[in-house]
Amino acid sequence: TELASRVRGYFQHRYPRQKAFDDEVVLSLLSHSLQIEVQLELYLDFLWSDVPALRTAPEPLLRSICQILTRAYHVPGDIVMAKGDLAKYMHITQEGELAVYDSQGRYVRSIC
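Read left to right, the sequence shown gives residues 1 to 112 (the UniProt record's numbering).
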């Protein structure tokens with residue numbers, strides 16, 4: 001795509017000897033306008049199609065959400081959030097499921 005070509009050109013110009021990058025590092029190194037375009041490309045269709053609560057959300061809201069989304073990877077057994085934690089993020093599970101436990105550690109249900 002044209003966006004991919006622009007991002008590739010940006011990195012070839014800015015980092016001519018670098019061969020591999022972490023996704024989040026790549027995003028943080030882009031210009032602000034390219035960051036927004038890449039985030040919209042990565043997340044907008046997903047939010048519209050796979051997040052029921054956002055299917056009727058206006059596009060400007062979805063664009064704002066896309067700009068602050070970051071990917072997080074978890075392995076089985078990771079504690080994503082515990083009771084009393086301050087919610088710093090909006091979690092959208094794209095693949096896998098999360099288990100919910102009560103304060104005594106008893107399984108309550110899973111969230112897909």
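Ideal placement from N, C-alpha and C gives every residue a C-beta, glycine not left out.
According to DSSP, I111 sits in a beta bridge with which residue or residues?
L98
C-alpha gap between Y10 and Q104, whole angstroms:
51 Å
Just verifying my parser: in three-state terms, what is the DSSP assignment at Y15?
coil
Can you tell me where the alpha helix (DSSP H) holding R63 begins and where it ends?
E59 to I68
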